[in-house]
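First residue of the sequence shown? That's 1 in the UniProt record's numbering, and the numbers climb one at a time after it.
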Amino acid sequence: VEAEVLVDTTIEDAWALVSEPGWWINDGPLGDHEVERDDNGVYHITDPEAGTWLVEKADEDPMDVVAFRWYPLADDELPDEYATRVEVSLSEERSGVAIHVEESGLASVSDDEAEARQAYEDAIGMWEQVLVAAKSHLEGR
Numbered sequence: 001v002e003a004e005v006l007v008d009t010t011i012e013d014a015w016a017l018v019s020e021p022g023w024w025i026n027d028g029p030l031g032d033h034e035v036e037r038d039d040n041g042v043y044h045i046t047d048p049e050a051g052t053w054l055v056e057k058a059d060e061d062p063m064d065v066v067a068f069r070w071y072p073l074a075d076d077e078l079p080d081e082y083a084t085r086v087e088v089s090l091s092e093e094r095s096g097v098a099i100h101v102e103e104s105g106l107a108s109v110s111d112d113e114a115e116a117r118q119a120y121e122d123a124i125g126m127w128e129q130v131l132v133a134a135k136s137h138l139e140g141r
């Protein structure tokens, strides 16, 4: 799944948002959640509406790209064989910053083909909504 949005903001402000583990996990305003890191380096993101989810930061190149691993079907586990990879990249454009998201591994989130297909469909809608929310958040609307 790939999605992109152009935001009238600075690369520094965009990076401050997208480099936070689980920034996309919400059922309300972006940033309305708590982030805690456990001893294993796994982040526990708690949103008042969406609950607590586990996210791992895979790698990052500041102001350019950051990657996370998470399991979009359950909030209390992060199984290696079912986790997806979320890669977020930023690029400076003439009229702002492009935020590009690519989530891969959705076909393998479940051994059940219908459940995996539903996860893919859900991810399409989720990323569209999240990027609209990111744009509003960063542009102060």
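Ideal Cβ placement from N, Cα and C applies to all residues, glycine included. Note that the coordinates shown come from a computational prediction; the quantities given were computed from them, not determined experimentally.
Distance, residue j Cα to residue i Cα
i	j	result
W24	V88	11 Å
P62	V86	16 Å
S110	S104	13 Å
A98	V65	12 Å
D122	A114	12 Å
H33	N26	7 Å
V55	S95	32 Å
V101	A67	10 Å
L17	L73	23 Å
R37	E93	33 Å
I45	V35	5 Å
H137	G31	9 Å
Span of the alpha helix (DSSP H) around residue i
i	result
L17	I11 to V18
Boundaries (first-last residue) of the beta strand (DSSP E) holding residue i
i	result
E2	E2 to V7
E36	E34 to R37
D47	V42 to D47
Integer-rounded CB distance, given that residue j should sit under 8 Å from residue i
i	j	result
E139	T9	6 Å
K135	V7	5 Å
Burial state of residue i, where buried means 16 or more other Cβ atoms lie within 10 Å
i	result
N40	exposed
V132	exposed
residue 143	Past the boundaries of the shown model lies residue 143; the chain is included only from 1 to 141, so the question cannot be answered.
G22	buried
A119	buried
E81	exposed
A14	buried
A107	exposed
A83	buried
E77	exposed
A3	buried
E20	buried
Item to check | Complete runs of the alpha helix (DSSP H) confined to the region 61-131 [at least 4 residues] | outcome: none
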